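Asker: So the sequence lines, in the order shown, correspond to chains A and B. 1 is the number of the first residue of the first sequence in the numbering used here; add one for each residue after it. 1 is the number of the first residue of the second sequence in the numbering used here; add one for each residue after it. Each residue gets a CB set at the ideal place from its N, CA and C atoms; glycine is no exception. These numbers come from a predicted model, not from an experiment.
2 protein chains.
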Amino acid sequence: MKFVYLFSEATGFSRDLLGGKGFGLVEMTSMGLPVPPGFVITTEACKNYYENGQKLSEELKNQILDAISRLEKITKKKFYKDGEQCDLWPLFLSARSGAKISMPGMMDTILNIGVTRESLEFVSNETGDSDFSHSIYLRFLQMFSDVYAKISKEEISSLYDKSGSFEDKVKKIKEIYKSKTGFHFPENPYDQLLLAVEAVFKSWNNPRAIYYRKMNNISEDSGTAVTIQMMVFGNYKENSGTGVAFTRNPTTGEKHIFGEYLMNAQGEDVVAGIRTPSRIDNLKVEMPGVYGQFVEYAKKLENHFNDMQDMEFTIEKGKLYILQTRNGKRSPAASVKIAMNLLKEGKISELDAIDMVSEKQIQSLLHPYFKKDSLKNAKIIAKGLPASPGAAVGKVVFDAKEASECFNNGEKVVLVRNETSAEDIEGMSVSEGILTVHGGMTSHAAVVARGMGKCCVSGCEEISIFGESFCCRNFKVNKGDYISIDGSLGNVYLGEVELDSFEFSKDFSEFLEISEKLGGIKVMANADNPESVGIAIKMGAKGVGLCRTEHMFFGKDRINFMREMIIAQNSDDRKKALSKLFEFQKNDFYNMFISAKGKPVTIRLLDPPLHEFLPKSEDEVDQISKDLKVDKKIILSVSDSLKEFNPMMGHRGCRLLISYPEIAEMQVRAIILASIESSRKMNLKVIPEIMVPLVGDLREIRFLKEIIRKSAEKVMNENQFEIDYKIGTMIEVPRAALVADKIAKEVDFFSFGTNDLTQMTFGFSRDDAQKFLKDYYENKIYDFDPFSAVDETGVGELMKIAVKLGRYANPSLKIGVCGEHAGDPKSVRFFKSLGLDYVSCSPFRVPVSLLASAKK
Amino acid sequence: MKFVYLFSEATGFSRDLLGGKGFGLVEMTSMGLPVPPGFVITTEACKNYYENGQKLSEELKNQILDAISRLEKITKKKFYKDGEQCDLWPLFLSARSGAKISMPGMMDTILNIGVTRESLEFVSNETGDSDFSHSIYLRFLQMFSDVYAKISKEEISSLYDKSGSFEDKVKKIKEIYKSKTGFHFPENPYDQLLLAVEAVFKSWNNPRAIYYRKMNNISEDSGTAVTIQMMVFGNYKENSGTGVAFTRNPTTGEKHIFGEYLMNAQGEDVVAGIRTPSRIDNLKVEMPGVYGQFVEYAKKLENHFNDMQDMEFTIEKGKLYILQTRNGKRSPAASVKIAMNLLKEGKISELDAIDMVSEKQIQSLLHPYFKKDSLKNAKIIAKGLPASPGAAVGKVVFDAKEASECFNNGEKVVLVRNETSAEDIEGMSVSEGILTVHGGMTSHAAVVARGMGKCCVSGCEEISIFGESFCCRNFKVNKGDYISIDGSLGNVYLGEVELDSFEFSKDFSEFLEISEKLGGIKVMANADNPESVGIAIKMGAKGVGLCRTEHMFFGKDRINFMREMIIAQNSDDRKKALSKLFEFQKNDFYNMFISAKGKPVTIRLLDPPLHEFLPKSEDEVDQISKDLKVDKKIILSVSDSLKEFNPMMGHRGCRLLISYPEIAEMQVRAIILASIESSRKMNLKVIPEIMVPLVGDLREIRFLKEIIRKSAEKVMNENQFEIDYKIGTMIEVPRAALVADKIAKEVDFFSFGTNDLTQMTFGFSRDDAQKFLKDYYENKIYDFDPFSAVDETGVGELMKIAVKLGRYANPSLKIGVCGEHAGDPKSVRFFKSLGLDYVSCSPFRVPVSLLASAKK
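1) Which residues in chain B sit within 7 Å of E700/A, going by Cβ to Cβ distance?
2) Quick check: I101/B and K855/B, are their CB atoms within less than 8 Å of each other?
3) According to DSSP, is M760/B part of a helix, a strand, or is it coil?
4) Can you give the Cα-Cα distance for E713/A and I723/A, rounded to whole angstroms?
5) Please decide whether G20/B counts as near chain A, where near means a Cβ-Cβ distance under 8 Å.
6) Would you kindly work out how many angstroms separate the C-alpha atoms of F906/B and T549/A, rounded to a whole number?
7) Between F332/B and the rest of its own chain, which residues show a CB-CB distance below 6 Å, the 5 nearest in sequence each way excluded?
8) Is it right to say D791/A is buried, meaning 16 or more other beta carbons lie within 10 angstroms of its own, or is it exposed?
9) Is it true that the CB of D607/A sits closer than 8 Å to the CB of M552/A?
10) When we look at the beta-carbon of D168/B and count the other beta-carbons within 10 Å, is it buried (16 or more) or exposed?
11) Output, in chain order, the set of chain B residues within a Cβ distance shorter than 9 Å of Q229/A.
12) Nearest chain A C-beta to V858/B closer than 8 Å, yes or no?
13) Can the beta-carbon of F246/B be found less than 8 Å from the beta-carbon of Q309/B?
14) Taking CB distances under 8 Å as the criterion, tell me whether G728/B reaches chain A.
15) Which chain B residues are close to S421/A, counting only those with a beta carbon under 7 Å from its beta carbon?
16) Can you list, in chain order, the residues of its chain with a C-beta nearer than 6 Å to that of L642/A? Leave out the 5 residues immediately preceding and following it.
17) Go to N62/A, then tell me how far its beta strand (DSSP E) extends in each direction, as first and last residue.
18) Please decide whether P647/A counts as near chain B, where near means a Cβ-Cβ distance under 8 Å.
19) If we define contact as Cβ-Cβ less than 8 Å, is M797/B a contact residue for chain A?
20) Taking Q229/A as part of the beta strand (DSSP E), name the residues at either end of that continuous run.
21) The ligand GTP and P368/B: does any heavy atom of the ligand fall closer than 7 Å to the residue's C-beta?
22) Determine the burial state of L159/B: buried for a count of at least 16 other Cβ atoms within 10 Å of its Cβ, exposed for fewer.
23) Taking Cβ-Cβ distances below 7 Å as the criterion, which residues of the stretch 684-714 of chain A are in contact with chain B?
24) Check whether the stretch 609-629 of chain A touches the stretch 572-585 of chain A, taking contact to mean three or more Cβ pairs, one atom from each stretch, closer than 8 Å.
25) Hey, is the stretch 756-767 of chain A in contact with the stretch 824-843 of chain A, meaning 3+ C-beta pairs nearer than 8 Å?
26) Please return the same chain residues whose Cβ sits closer than 8 Å to the Cβ of K685/B, not counting the five positions on each side in sequence.
27) How should K162/B be labelled, buried or exposed, when 16 other C-beta atoms within 10 angstroms of its C-beta is the threshold for buried?
28) Closest to K300/B by CA distance: which of F749/B, M682/B, G24/B is it?
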């Protein structure tokens with residue numbers, strides 16, 4: 001089996017076989033670009049190495065030796081053995097790793113292999129520059145020790161005297177090597193080369209590489225290639241240098257060469273930051289010929305690879321060499337601009353453009369972020385979970401009510417709480433960001449914050465709240481102190497970090513349009529106020545897929561009417577309180593319909609258990625007893641009677657509406673009347689979709705459908721106006737999926753509530769699961785949090801059953817998802833594969849889901 | 001269409017058409033028994049009546065008139081019109097209802113139709129006994145007013161003077177009739193007869209009949225027949241009388257005629273209890289000829305119907321008539337005895353014997369019950385839910401610990417609590433019975449009590465506990481007062497009611513053997529101590545299908561070691577505490593294996609969340625802090641960290657074992673060592689089955705299987721003894737059913753936990769659901785409690801999926817059910833239809849499930 005190919009032999013071979021780096025070099029060689037000659041040891045050789053008990057086979061060694069001798073002929077240089085006398089210029093080689101998918105910085109490189117005592121002397125004599133030859137050798141010794149024997153640069157520098165002579169330094173490094181490894185430093189370049197190849201193979205399995213592959217879903221089996229290439233020296237004489245450049249600006253995406261270079265420097269010196277490199281534009285002045293060549297090559301490469309390229313080059317005595325090219329990393333903003341420009345330039349297809357931007361990039365684009373410069377001086381005082389992306393700066397407050405007060409005084413605040421609950425909603429909505437001590441990525445705080453498009457760090461267990469201050473890492477932060485939080489990273493900073501935010505560009509809008517066209521699944525948004533609806537539509541949502549009505553009851557001006565309703569001792573009193581709530585609801589819906597401009601709005605009838613609306617602390621009970629003029633005992637007794645062992649599995653959703661049909665009647669009345677009034681106002685027909693939560697049985701939906709019908713008919717008759725409203729159910733308890741055929745005959749649409757469906761299918765609550773899920777990840781029982789990405793095997797199977805039964809019984813049934821998963825790219829693609837009509841996610845997730853649906 | 005048949009014309013027609021009563025009369029007529037002649041108006045006529053807008057069709061009326069004229073010929077009597085002069089003896093008729101399935105007392109009867117002023121006089125003259133003729137007419141007037149016009153006997157008696165003359169009484173009744181209905185009393189017997197037929201048809205739809213059909217699952221469509229029959233008079237002259245008798249003793253089942261009669265009495269006088277009837281044996285002396293005839297007829301009838309008969313007879317002037325025969329109601333004990341005797345007499349098949357006994361009868365047989373006589377004077381002071389059958393008498397205690405203390409002092413107690421939890425187990429186990437204020441039929445108290453075969457009344461919301469007493473219905477019951485509770489009826493009595501209990505008879509054992517043979521599904525028992533195992537096996541269980549190990553940790557002598565384990569701050573401390581628990585567990589298992597005598601025992605590894613084992617009150621925390629010498633703060637902080645939002649969906653089952661594999665290791669070690677020691681002791685191979693709860697993913701069971709394997713191997717190696725243990729999983733979260741193929745490959749058996757599966761499939765917890773289920777029944781959304789009988793549509797569908805996938809992937813997989821439903825007859829038959837191998841229920845439910853599985 002052939003494991004080794006000269007660059008010139010491997011044209012047309014795959015990236016899988018050659019690795020990314022080797023592939024680039026082979027391509028460039030075949031394009032006639034000035035690439036220092038070399039050869040590739042394939043990924044198959046790496047596999048062979050591991051299959052062979054981590055030993056280089058004789059076969060492989062022979063092929064490498066053969067390749068060297070051919071390289072000697074091409075380069076007219078010689079790769080010397082230790083002790084061999086020099087007549088030709090010595091061939092120095094680099095050995096670099098290169099996997100199929102780039103794993104930058106994860107694996108190892110050794111430069112300048114091939115130095116012997118004799119060749120060192122030869123180069124000194126020929127160039128008359130012993131500093132140059134010494135630096136070549138020292139760099140080799142360091143890199144070899146580091147890569148092969150894991151003796152870090154820092155370790156070496158701490159042990160030897162930098163001001164010593166070259167001979168002293170060499171001796172010292174070799175002594176360190178001996179004492180650390182127990183072996184003499186290998187003096188023969190042929191041995192060094194083979195050991196370097198082995199070191200690269202081994203680096204495939206170093207912990208950070210394994211971690212990187214896991215994080216990026218790269219297969220463990222693919223292995224790395226090794227490229228062996230003739231060294232060229234940017235630090236050789238005055239007309240030499242080295243640099244890195246992009247074909248387009250990686251920060252803004254603008255179309256111009258962007259890069260840096262250093263004269264008289266080798267390889268990584270540009271990146272290392274010891275000397276400050278020059279901007280590439282200076283090269284135009286300094287070496288116009290070389291610059292001209294470089295621009296030409298850059299253009300060629302971009303046209304060849306049809307993507308923005310990140311290139312490394314070296315100039316040796318005035319001659320330009322290209323050492324590497326690859327698709328360049330870019331900022332989120334640049335990724336969209338570059339994709340759209342390449343599309344417009346006719347270089348790529350729409351699908352290519354879509355593939356060129358990741359969902360993570362889109363997401364990070366949409367939220368405010370900290371200015372990079374400002375972050376340099378920022379002090380991280382704690383780390384939590386990145387629960388809702390974006391960045392926020394504000395004064396610390398510990399109480400939701402206080403947040404509202406500060407907001408009214410024009411102050412910006414970050415709400416810090418142990419955890420949040422429904423009654424904190426208003427305070428959360430006026431805060432810049434939310435920081436919680438407990439709770440995971442799907443805790444109340446996280447879910448609500450994402451819905452609001454608000455930055456949130458949750459589960460920040462490092463901090464402890466004591467009264468009006470919190471402590472962490474020896475810092476004490478008082479109420480009113482400024483903090484800054486980064487919901488994309490989970491960082492908490494002391495003080496104010498400067499913010500920046502994205503402008504909704506033309507490119508971005510066009511990009512979303514293409515995503516939508518290619519996606520083929522409708523993306524709706526979860527929104528429950530006119531502002532969110534507006535944002536959602538700006539973000540590309542085709543309407544509102546979930547309006548949670550309970551959030552509307554928590555406002556300061558209405559919560560007490562809700563409580564009156566709950567505390568009511570008979571149906572009459574309940575209706576009285578409901579009639580007060582009716583006005584609020586109607587106005588809420590009216591404003592949402594206006595904001596939705598005729599796009600469909602799906603409204604879920606009241607879902608949470610009633611106890612969520614009642615006060616928790618004694619003080620609050622006292623206050624409410626006064627406000628409502630109701631005996632405290634009654635409040636406590638109602639509160640007591642509503643207590644539940646497992647609130648998640650309690651008296652909520654349609655069960656509540658069956659017990660208190662008055663609530664459903666009031667809500668339907670409000671929806672239909674708001675539809676009529678907004679239809680008249682806008683002179684177009686509003687189509688509200690009324691959604692019943694938590695249905696699990698045919699007769700539940702039949703019962704409520706009857707109530708909805710009657711209430712709607714009544715309002716329409718009173719107003720002499722017909723509204724083409726729809727009725728649907730959530731599919732969120734497993735039983736609903738199993739009897740979906742029966743339910744489907746009664747309704748216009750299904751909306752999977754994958755949060756609850758996941759909880760009940762797995763049998764664990766998302767709040768409680770965080771405690772043991774860490775043990776699950778540790779023991780490799782779960783690969784991911786089923787509340788972040790939908791469980792295709794279990795929950796997905798139930799969804800398949802429901803879709804099949806539902807569509808069979810009612811072919812015109814519309815089916816969607818309104819759970820958190822609707823904003824997760826992998827899940828969105830799964831939902832699309834199930835043939836769903838739509839997904840509905842947080843407004844700021846809409847572009848992410850649009851993009852996700854468009855990708856293969 | 002022919003709606004009317006003379007008895008002699010309808011031989012061989014079905015019970016559906018003739019109704020039960022008519023069918024009996026027709027059969028007896030064809031057998032040549034002395035049945036007063038008559039005719040049947042079929043159930044088809046009833047349907048026709050309802051289809052015809054509740055009017056008798058002309059066709060039907062004509063057929064009735066025709067039948068009367070034919071009856072006149074047969075009887076040589078005449079059915080007179082009002083005002084018609086009499087020459088022949090008048091024909092008096094009865095009109096009785098008779099549905100296909102007997103609905104005793106639910107529908108109506110009118111006797112003595114056909115009396116006119118003229119015929120009354122004729123009879124007075126002929127007999128010289130005007131009292132007799134008057135009583136016939138008065139009885140008719142009362143019954144007609146009652147049945148046709150809904151004027152109750154009580155209403156009539158309250159309004160008229162009993163000491164008045166006959167003429168006065170007749171006048172008064174007709175006045176009442178006029179004033180109540182607005183119509184004159186119909187005087188013409190033909191009209192009366194047709195109205196009586198209509199009244200019987202209408203009575204099919206009276207509320208109590210509808211309720212009875214609903215309770216007994218009788219179809220609404222089948223309708224009732226009406227039998228019209230010549231009256232014979234047991235109150236006519238001295239040689240007349242009437243009686244009721246059974247072919248066998250309905251209380252004991254013994255084979256002898258058993259009944260009562262009254263001389264000079266009509267129809268219901270025997271039942272009404274105004275005069276005390278004589279035992280049938282006296283008839284042998286009083287009228288030996290008649291008695292001899294009766295015995296002969298009784299024998300004929302039993303042989304004909306192949307079941308014990310309940311007969312009504314009348315003697316008119318020394319001539320015996322049989323008026324009715326039907327399969328007789330009998331006591332639970334008698335039902336078994338009669339079935340087994342008839343089987344042994346060769347009269348019926350085994351399947352017939354099975355069908356002759358109901359599951360309810362079997363169940364009520366197995367528990368202590370109150371003596372009937374003793375109940376007569378007992379005062380019911382409250383009613384709750386019949387949560388666990390049986391009866392109990394004891395002193396009231398309100399605390400589980402106190403129950404244990406009383407038990408140690410030799411006192412019998414009834415434990416009264418608002419609700420119970422796991423820490424009450426020991427107290428419950430030593431109490432005679434348990435009474436709880438809250439909780440449904442599947443509350444903790446109910447489930448545990450049924451498991452213990454202990455009487456329990458739950459959800460007795462009428463009572464309120466205040467400190468050391470409780471109040472209800474104006475009674476105050478103090479600690480130490482005696483109460484008696486009936487777990488089959490839900491009654492709570494003040495004071496001591498005398499108890500009786502069933503002897504396990506030979507008939508009963510044989511009956512269970514037949515059930516088992518015909519059932520074809522194995523019945524196992526849920527048991528977690530040697531005593532329960534013993535009872536289970538006596539009851540016919542083939543082994544233990546579920547041993548809940550958590551109950552073993554609540555004993556006074558071990559709970560603190562459990563707490564030490566939980567509070568442990570590191571794995572070493574935890575192991576130390578576990579090693580103490582190990583000894584207890586091993587002994588528990590050893591004794592159970594000995595008690596099971598080689599029958600399989602399925603042991604479930606620890607299931608409940610740890611917080612269930614920690615103290616709740618501050619006093620307890622103080623005590624434990626002292627006992628364990630652990631800082632109170634640590635206990636509180638552990639307790640706090642274990643709190644869960646939804647304990648049902650929390651850190652329990654296999655999740656707990658994955659977080660703390662030491663627990664699983666200890667339990668497996670104890671199981672295997674106990675298996676080895678008991679195998680050696682009994683000289684037979686004990687086969688323990690180790691069951692992992694709450695599995696929902698392949699990798700959960702893989703992980704734990706590895707731990708179980710390793711622990712088991714270790715003990716077996718140490719002891720040089722091989723145990724053929726099995727590993728299985730509960731299927732109790734919906735996901736487990738959906739990925740059953742994957743799980744099945746790893747295990748030997750599945751056991752459906754239908755309690756949890758029901759909770760998670762419906763998405764409601766059984767504790768919380770009781771609050772809204774009443775609204776569901778009221779609105780006809782659910783017909784039954786899905787925790788009592790398995791939901792075949794939803795949960796059943798998941799089970800089907802799991803069985804199909806499981807058997808496909810592992811054809812030798814054993815599958816059973818160990819949830820509460822395994823003791824419910826309807827559910828057991830459903831499980832059998834799914835092809836399950838076994839069900840495992842409470843020990844006292846084993847015979848019920850055996851019988852249920854044998855029925856079609």
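Answerer: Taking the structure as given:
1) Simply I781.
2) No. Outside cutoff.
3) Here M760/B carries a helix assignment [DSSP, helix/strand/coil].
4) Their Cα atoms are separated by approximately 9 Å.
5) Closer than 8 Å: no.
6) Residue coverage of chain B in this structure runs from 1 to 856, which leaves residue 906/B outside it and unanswerable.
7) According to the sequence shown, residue 332/B is Pro rather than Phe. Closer than 6 Å at Cβ, skipping near neighbours: Q361, S364, L365.
8) The residue in question, D791/A, is buried, as its Cβ has 16 or more Cβ neighbours within 10 Å.
9) No, they are not a contact pair.
10) Counting every other CB atom within 10 Å of its CB across the protein chains shown gives D168/B a total below 16, marking it as exposed.
11) Here the premise fails: no neighbours, minimum Cβ distance about 44 Å.
12) No answer is possible for residue 858/B: it lies beyond the span of chain B, which begins at 1 and ends at 856.
13) With contacts defined as CB atoms closer than 8 Å, F246/B and Q309/B qualify as a contacting pair.
14) G728/B does not count as touching chain A.
15) Going along chain B, no residue has its Cβ under 7 Å from S421/A, so there is no contact; the nearest lies around 11 Å.
16) Cβ contact annotation for L642/A (same chain, cutoff 6 Å, sequence separation greater than five): L610, H611, in chain order.
17) N62/A: not part of any beta strand (DSSP E); member of the alpha helix (DSSP H) spanning 58-75, first to last residue.
18) The Cβ of P647/A sits closer than 8 Å to at least one Cβ of chain B.
19) Note that residue 797/B is Glu in the sequence shown, not Met. At a cut-off of 8 Å between beta-carbon atoms, E797/B makes contact with chain A.
20) From DSSP, the beta strand (DSSP E) with Q229/A extends over 224-230.
21) Ligands in the displayed structure: none, and consequently the ligand GTP is not present.
22) By the neighbour-count rule (16 or more Cβ atoms within 10 Å), L159/B is not buried but exposed.
23) Of all residues in the stretch 684-714 of chain A, L694, G696, D697, R699, E700, F703 have a Cβ within less than 7 Å of some Cβ in chain B.
24) The answer is no - the stretch 572-585 of chain A does not touch the stretch 609-629 of chain A, with fewer than three Cβ pairs under 8 Å.
25) Judged by Cβ distances under 8 Å, the stretch 756-767 of chain A makes no contact with the stretch 824-843 of chain A, as fewer than three pairs qualify.
26) Exclusion of the five residues before and after K685/B leaves G598, S679, I723, D724 as the residues of its chain whose Cβ lies within less than 8 Å of its Cβ.
27) Exposed, since its Cβ has fewer than 16 Cβ neighbours within 10 Å.
28) Of the candidates F749/B, M682/B, G24/B, G24/B places its Cα closest to the Cα of K300/B.
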